[in-house]
Amino acid sequence: QNGEYYTLVKLQGGGVPSDLALFFCKNKFAVLQVRVKNLVVGEVHEYSVGANDVKLTGGVYDLRCRRCSHELQIKVQPALGLLDLLKPPPYTSIHEVEAILRRLEAVAGLYHLLLAFQRDPTREEVPLA
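FYI, in our numbering the residues of the sequence shown are 1192 to 1320.
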């Protein structure tokens, strides 16, 4: 977008449904869910929605191939303030990397706490180690 490339990492694992491709954008900390709604094989697909039309601030995009009945749905989950806490790569110095790692440890700790209370809302304490 605007000459900027997004670096996507495909997420895989037991928590990802088999009919879904899940990607994490390393540049913007957004998550993209791609689901095939109607599969047509053996065709090169062209859509009226281009990469510049997909906004990483969030939204749902239904894409239909111009040449056949192939359809995709893309859901964009925005970073929800994570970019306010952590700067995405590239980093310009070792000091910047160290500062990001300290913040990342704090975010990971917060995630650990929130996950523990989500799994058991009756908890009154959570070990930090």
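The beta-carbon is built from N, C-alpha and C at its ideal position, and this holds for glycine as well.
Boundaries of the alpha helix (DSSP H) in which Q1309 is found, first to last residue
Within the sequence shown, residue 1309 is the residue found at index 118, counting from 1. I1285 to R1310 is the span of the alpha helix (DSSP H), which, as asked, contains Q1309.
So, for T1248: in the same chain, excluding its five sequence neighbours on each side, which residues have a beta-carbon less than 6 Å away from its beta-carbon?
If you number the sequence shown from 1, residue 1248 lands on position 57. P1269, listed in sequence order.
Beta-ladder partner(s) of V1251, from DSSP:
Here residue 1251 refers to the residue found at position 60 when the sequence shown is read from its first residue. Beta bridge pairing from DSSP links V1251 with K1266.
Near L1230, what residues of its chain come up, given a Cβ to Cβ distance below 8 Å and the 5 sequence neighbours on each side ignored?
For the purposes of this step, residue 1230 is identified with residue 39 of the sequence shown, where counting begins at 1. Answer for L1230: H1261, listed in chain order.
Beta carbon of R1226, beta carbon of L1263: below 8 Å?
To locate residue 1226, count along the sequence shown from 1; it is residue 35. To locate residue 1263, count along the sequence shown from 1; it is residue 72. Yes, Cβ-Cβ distance for R1226 and L1263 is below 8 Å.
Starting from L1273, trace the alpha helix (DSSP H) both ways and give me its first and last residue.
To locate residue 1273, count along the sequence shown from 1; it is residue 82. L1273 -> alpha helix (DSSP H) spans L1273 to L1276.
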